[in-house]
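*Asks:*
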Amino acid sequence: MLTSQFLTYVAFFVLSAIALIGAFLAVTLRNLVRAALGLILSFMGVAGIYFVLEAEFVAIVQVIIYIGAISVLILFAIMLTRGLMTSAASTQNSQWIGAAFVGMLMFAVLFFVAITTNWPLAQPHTISDLIPRLGADLVTTYLLPFEAVSLLLLAALIGAIVIARE
Amino acid sequence: MLISPELILAIFGMLVLVVDLIGRARTREWLPWVTVLGFVLAFAATLYIWGSNASIFAGMYSVDMFSLFFKLLATIAGTMIVLVSIDYLRGRTTRQGEFFSIFTFSILAMTMMASSASLLMIYLSIEFLSYTSYLLTGFLREDKKSNEAALKYFLYGAITSAVMLYGLSLLYGVSGSLNLTDIATAFANTVDPSVRTVALVAPALVLAGLGFKISLVPFHQWAPDAYEGAPTPVTAFLSVGPKAVGFAILLRVALTTLPIYQASWIPLLAVISIITMTLGNLVALRQTNIKRLLAYSSIAQAGYMLIGLVGVNLTGNSPFSGLNGVLIYLFAYLFTNLGAFICVIAIENATGAVNIADYAGLVRRAPFVAALFIIFFLSLAGIPPTAGFIGKFFVFGAALREGFLTLAAIGVINSIISVFYYFAVIRAAFFLDAKDPSPIRITPLVTAMLTVTAAMVLLIAVYPQPLFNLAAWSMGMFGVVK
Amino acid sequence: MIPLQFYLIVAAILFCLGLFGALARRNAVAILMGIELMLNAVNINLVAFWRYVKPAAPTMDLAGQIFALFVVTLAAAEAAIGLALIIAIYRSRDTVNVEDVDLMKW
Numbered sequence: 001m002l003t004s005q006f007l008t009y010v011a012f013f014v015l016s017a018i019a020l021i022g023a024f025l026a027v028t029l030r031n032l033v034r035a036a037l038g039l040i041l042s043f044m045g046v047a048g049i050y051f052v053l054e055a056e057f058v059a060i061v062q063v064i065i066y067i068g069a070i071s072v073l074i075l076f077a078i079m080l081t082r083g084l085m086t087s088a089a090s091t092q093n094s095q096w097i098g099a100a101f102v103g104m105l106m107f108a109v110l111f112f113v114a115i116t117t118n119w120p121l122a123q124p125h126t127i128s129d130l131i132p133r134l135g136a137d138l139v140t141t142y143l144l145p146f147e148a149v150s151l152l153l154l155a156a157l158i159g160a161i162v163i164a165r166e
Numbered sequence: 167m168l169i170s171p172e173l174i175l176a177i178f179g180m181l182v183l184v185v186d187l188i189g190r191a192r193t194r195e196w197l198p199w200v201t202v203l204g205f206v207l208a209f210a211a212t213l214y215i216w217g218s219n220a221s222i223f224a225g226m227y228s229v230d231m232f233s234l235f236f237k238l239l240a241t242i243a244g245t246m247i248v249l250v251s252i253d254y255l256r257g258r259t260t261r262q263g264e265f266f267s268i269f270t271f272s273i274l275a276m277t278m279m280a281s282s283a284s285l286l287m288i289y290l291s292i293e294f295l296s297y298t299s300y301l302l303t304g305f306l307r308e309d310k311k312s313n314e315a316a317l318k319y320f321l322y323g324a325i326t327s328a329v330m331l332y333g334l335s336l337l338y339g340v341s342g343s344l345n346l347t348d349i350a351t352a353f354a355n356t357v358d359p360s361v362r363t364v365a366l367v368a369p370a371l372v373l374a375g376l377g378f379k380i381s382l383v384p385f386h387q388w389a390p391d392a393y394e395g396a397p398t399p400v401t402a403f404l405s406v407g408p409k410a411v412g413f414a415i416l417l418r419v420a421l422t423t424l425p426i427y428q429a430s431w432i433p434l435l436a437v438i439s440i441i442t443m444t445l446g447n448l449v450a451l452r453q454t455n456i457k458r459l460l461a462y463s464s465i466a467q468a469g470y471m472l473i474g475l476v477g478v479n480l481t482g483n484s485p486f487s488g489l490n491g492v493l494i495y496l497f498a499y500l501f502t503n504l505g506a507f508i509c510v511i512a513i514e515n516a517t518g519a520v521n522i523a524d525y526a527g528l529v530r531r532a533p534f535v536a537a538l539f540i541i542f543f544l545s546l547a548g549i550p551p552t553a554g555f556i557g558k559f560f561v562f563g564a565a566l567r568e569g570f571l572t573l574a575a576i577g578v579i580n581s582i583i584s585v586f587y588y589f590a591v592i593r594a595a596f597f598l599d600a601k602d603p604s605p606i607r608i609t610p611l612v613t614a615m616l617t618v619t620a621a622m623v624l625l626i627a628v629y630p631q632p633l634f635n636l637a638a639w640s641m642g643m644f645g646v647v648k
Numbered sequence: 649m650i651p652l653q654f655y656l657i658v659a660a661i662l663f664c665l666g667l668f669g670a671l672a673r674r675n676a677v678a679i680l681m682g683i684e685l686m687l688n689a690v691n692i693n694l695v696a697f698w699r700y701v702k703p704a705a706p707t708m709d710l711a712g713q714i715f716a717l718f719v720v721t722l723a724a725a726e727a728a729i730g731l732a733l734i735i736a737i738y739r740s741r742d743t744v745n746v747e748d749v750d751l752m753k754w
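This is how it looks when you write it as structure tokens:
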């Protein structure tokens, strides 16, 4: 029991480190292709964290959509707008000190909220038939957002084609 | 039945696409009229379910009078904007089917925002409206300004909505539920002082996303560029649509979820209100482009509306509850601001001009438009006998009733400042000589829309009782919550 | 069990890194990457709350995961729209640096 506890901790810290290092690379590297690879690393770490949280389906969706679709889309855009990415000019704008300040201030606030709040905790619950339950809930309790999001995707699809087509 | 307006809009959004796809060139002329038919049917459906007060889809969706008020607003705005965009789009884009379809979906998103009573639906409908707005803003893809406006709008919107989403996740964490009523219960039942921190931080983060939609300072920077670069009918839409339903969600979240923390969010909103109206008005003084001028003016208007929420007090039976002030103000603002933009569209259709300098001698070139400019600007400045005066009367009245004398005074001073830049346009139109004195031809449809909006602005001023009743009915549900 | 706070702190760091990237980068695609990181941070929050926090009602026992799935879906739509706009701008003026996109003043 103790070893499994210990291994969970190890997994959590390793995966968190991967997610955060990947994110750090993604927001600081000059070469945008490398930054995008850092982003993918970060997405992988986050997917791992979902596994630790026993939310397998979200983890798999994370891999398929974030890594399989969004990252590829971003890499695609970087390649399409190439010639701009390798220039020697700084990739940070002139306000990066201000941005760093805002980021740290925000972190201080969020950190404070995270550790001081007494969250209404319960026994961590595991759901054995998770995926069937998710599927059933999506078309019963969450029917309205489910239908709405399909219309949203339709509108986004049409609009993106109209704007980006040759 | 309760979601029939939404269903009608969804069906018509897709129908427009199909008509565009299978139709010939002649049938495509009918696309805007098909869209208008959808809005009229949705309007009628809203009236049909008038008076309902139901919570459906496991409490996620509230079909109450408050939401129906905003659904009426949304469908009215949609109808008028489609009608004035017919002439505007001709020659500017060949993709009218897609334009009207996405526009219908954006009105659908507005109706969903008005009813959202769950964090999930709030997030989803705000994003739905945002995405369609980005697409409409960048729709003229050959136009560099339209591109640029859409990109800036998108980047601002995406960042602020991510911040808002973080706030929503904290609200979920502190209550274990997505429904606003459960969150309200969690806040009301807890004696734990640590929850107070979340109850301050999470709504502040959510305010970033809503402030972006409403264009409150400091989340307003996108507005001038997006307004200037977007196709002008879309600008007209952005100035009324997202702002109205942004207020719908702000009011619903503030008054159903956080009433017990009212003392802590009122000072924050009061400060934002003061900064918003002052900055909007001062920067508007320096504008030379009419669309940018109206952008800053609409930022300032958002500041006035916020005064109503600061002065909100739903106890007792006062005619100045603050909430009714916001609703009356929004309704008056809808017709006023749309009217002002239709004037701009009328001139732009005929001459392509959007600079105030080009309005010189407008009174000789297009006397009707020039005269209506006066009505709309009087209303925006809040001078009687116009709808805008009624709106300001009720929001300032609420602030006075609650003892926010400084706030009301700053509001009045700001209204006086705003007269200067509105008058600059009037001065150009009436007292300067035109470089090119040829008359400007206004199409019948635009003339009709101008007449309707101007008539409404004056009608609300001389016979406001129906609007008072409408606002009183709409806020009934909040009385139940209290 | 790992305490809930650990997840929340990781999410907060990730969120602020993303926010920094979104505010400090010049390139529109890079800004979009920062935004995606912010959305990921929110999803960690949502899934962690789902696992640890007592649901207010029995119907709410999957709420966090469902919300996270919707966030992923919308993030994909957002990325598609954003990249379409970026490509349109790149075509018309050969740049995606937001500081060079300055026909109108910021």
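Taken in order, these protein sequences are the chains called A, B and C. As numbered in our numbering, residues 1 to 166 make up the first sequence, in order. As numbered in our numbering, residues 167 to 648 make up the second sequence, in order. As numbered in our numbering, residues 649 to 754 make up the third sequence, in order. Glycine included, every Cβ here is placed at the ideal spot set by N, Cα and C. Since this is a predicted model, take the numbers as computed values, not measurements.
Using only CA atoms, which one of B:ALA450, B:THR454, B:ALA468 and B:ILE456 lies nearest to TYR462 (chain B)?
*Replies:* The shortest Cα separation from TYR462 (chain B) among B:ALA450, B:THR454, B:ALA468 and B:ILE456 belongs to B:ALA450.
*Asks:* Count Cβ pairs between the stretch 376–389 of chain B and the stretch 265–277 of chain B that sit closer than 8 Å; are there 3 or more?
*Replies:* Taking 8 Å as the limit for Cβ pairs, the verdict is that the stretch 265–277 of chain B does not touch the stretch 376–389 of chain B.
*Asks:* Counting only Cβ-Cβ distances shorter than 9 Å, please list the residues of the stretch 295–319 of chain B near chain A, keeping chain order.
*Replies:* Listed by position, the residues of the stretch 295–319 of chain B near chain A (Cβ gap below 9 Å) are TYR297, THR298, TYR300, LEU301, LEU302, GLY304, PHE305, ARG307, ASN313 and ALA316.
*Asks:* Does the Cβ of LYS601 (chain B) have 16 or more other Cβ atoms within 10 Å, making it buried, or fewer, making it exposed?
*Replies:* By the neighbour-count rule (16 or more Cβ atoms within 10 Å), LYS601 (chain B) is not buried but exposed.
*Asks:* Going by C-alpha to C-alpha distance, which of B:ILE268, B:GLY642, B:LEU321 and B:SER284 sits closest to LEU157 (chain A)?
*Replies:* Selected option, being the one with the closest Cα: B:ILE268.
*Asks:* Report the option in B:PRO603, B:TYR322 and B:PRO399 whose CA atom is closest to the CA atom of ALA389 (chain B).
*Replies:* The shortest C-alpha separation from ALA389 (chain B) is found at B:TYR322.
*Asks:* For ILE127 (chain A) and PHE51 (chain A), what's the separation of their Cα atoms in angstroms?
*Replies:* Approximately 13 Å, taken between the alpha carbons.
*Asks:* Let me know if ASN355 (chain B) comes out buried or exposed under the rule of 16 or more other beta-carbons within 10 Å of its beta-carbon.
*Replies:* By the neighbour-count rule (16 or more Cβ atoms within 10 Å), ASN355 (chain B) is not buried but exposed.
*Asks:* Within 7 Å (strictly less), CB to CB, does ILE599 (chain C) reach chain A?
*Replies:* The structure shown does not extend to residue 599 (chain C), since chain C spans only 649 to 754, so no value can be given for it.
*Asks:* Taking all protein chains shown into account, decide if TRP119 (chain A) is buried (16 or more other Cβ within 10 angstroms of its Cβ) or exposed.
*Replies:* When all chains shown are included, TRP119 (chain A) counts as buried.
*Asks:* Identify the contact partners of THR3 (chain A) in chain C, using a Cβ-Cβ distance below 9 Å as the criterion.
*Replies:* Going along chain C, no residue has its Cβ under 9 Å from THR3 (chain A), so there is no contact; the nearest lies around 15 Å.
*Asks:* Using beta-carbon positions only, say whether ALA590 (chain B) and LEU528 (chain B) come within less than 7 Å of one another.
*Replies:* Contact: no.
*Asks:* Per the contact definition of three or more C-beta pairs closer than 8 Å, is the stretch 659–677 of chain C in contact with the stretch 292–311 of chain B?
*Replies:* Touching, no.
*Asks:* Does MET85 (chain A) get closer than 7 Å to chain B when you measure Cβ to Cβ?
*Replies:* At MET85 (chain A) the pLDDT is 49, less than 50, meaning the model places this residue with poor confidence and gives no usable figure here.
*Asks:* For GLY730 (chain C), decide whether its Cβ has a neighbour in chain B, counting only Cβ atoms nearer than 7 Å.
*Replies:* By this cut-off, GLY730 (chain C) is an interface position.
*Asks:* What residues of chain C sit near GLU147 (chain A), judged by a beta carbon separation below 9 Å?
*Replies:* The premise fails here: GLU147 (chain A) is roughly 12 Å from chain C at the closest Cβ pair, so nothing lies under 9 Å.
*Asks:* By the 10 Å Cβ neighbour count, where 16 or more other Cβ atoms means buried, how is PHE217 (chain B) classified, buried or exposed?
*Replies:* Note that residue 217 (chain B) corresponds to Gly in the displayed sequence, not to Phe. Exposed, since its Cβ has fewer than 16 Cβ neighbours within 10 Å.
*Asks:* With a Cβ-Cβ cutoff of 7 Å, do THR502 (chain B) and LEU546 (chain B) count as a contact?
*Replies:* Going by C-beta atoms, THR502 (chain B) is nearer than 7 Å to LEU546 (chain B).
*Asks:* Taking Cβ-Cβ distances shorter than 7 Å, what residues in chain A pair up with VAL372 (chain B)?
*Replies:* Here the premise fails: no neighbours, minimum Cβ distance about 14 Å.
*Asks:* On the CB-based measure, 16 or more other CB atoms within 10 Å of its CB, does ARG418 (chain B) come out buried or exposed?
*Replies:* It is buried - the Cβ of ARG418 (chain B) has at least 16 other Cβ atoms within 10 Å.
*Asks:* Could you list which residues in chain C have their beta carbon closer than 8 Å to that of SER42 (chain A), in chain order?
*Replies:* Within 8 Å Cβ-Cβ: LEU662, LEU685 and ASN688.
*Asks:* With 7 Å as the threshold, decide whether the Cβ of ILE650 (chain C) is near any Cβ in chain A.
*Replies:* It does; some Cβ of chain A falls within 7 Å.
*Asks:* Kindly indicate which residue of B:ILE456, B:LEU331, B:TYR470 and B:ILE432 has the alpha-carbon position closest to the one of THR444 (chain B).
*Replies:* When only C-alpha atoms are compared, the closest one is B:TYR470.
*Asks:* Could you tell me which chain B residues have their CB closer than 9 Å to the CB of TRP96 (chain A), listed as they occur along the chain?
*Replies:* Within 9 Å Cβ-Cβ: nothing; TRP96 (chain A) doesn't reach chain B, min ~15 Å.
*Asks:* TYR227 (chain B) lies in the beta strand (DSSP E); which residues open and close that run?
*Replies:* Its beta strand (DSSP E) spans residues 227–229.
*Asks:* Nearest-angstrom Cα distance between TRP199 (chain B) and GLY491 (chain B)?
*Replies:* Approximately 34 Å between the Cα atoms of the pair.
*Asks:* Enumerated in chain order, which unbroken segments of the alpha helix (DSSP H) with a length of 4 residues or greater are wholly contained in the stretch 512–542 of chain B?
*Replies:* With a minimum length of 4 residues, the continuous alpha helix (DSSP H) runs that stay inside the stretch 512–542 of chain B are 528–531.
*Asks:* SER221 (chain B) lies in the beta strand (DSSP E); which residues open and close that run?
*Replies:* Taken as a continuous stretch (DSSP letters only), the beta strand (DSSP E) holding SER221 (chain B) covers 220–222.
*Asks:* Give me the Cα-Cα distance between ARG593 (chain B) and PHE586 (chain B), rounded to the nearest whole angstrom.
*Replies:* Cα to Cα, ARG593 (chain B) sits roughly 10 Å from PHE586 (chain B).
*Asks:* Looking only at its own chain, which residues have a Cβ that is under 6 Å from the Cβ of LEU616 (chain B), when we skip the five neighbours before and after it?
*Replies:* So the qualifying residues of the chain are ILE508 and LEU538.
*Asks:* How would you write the range of the alpha helix (DSSP H) that ARG458 (chain B) sits in, first residue to last?
*Replies:* From DSSP, the alpha helix (DSSP H) with ARG458 (chain B) extends over 456–476.
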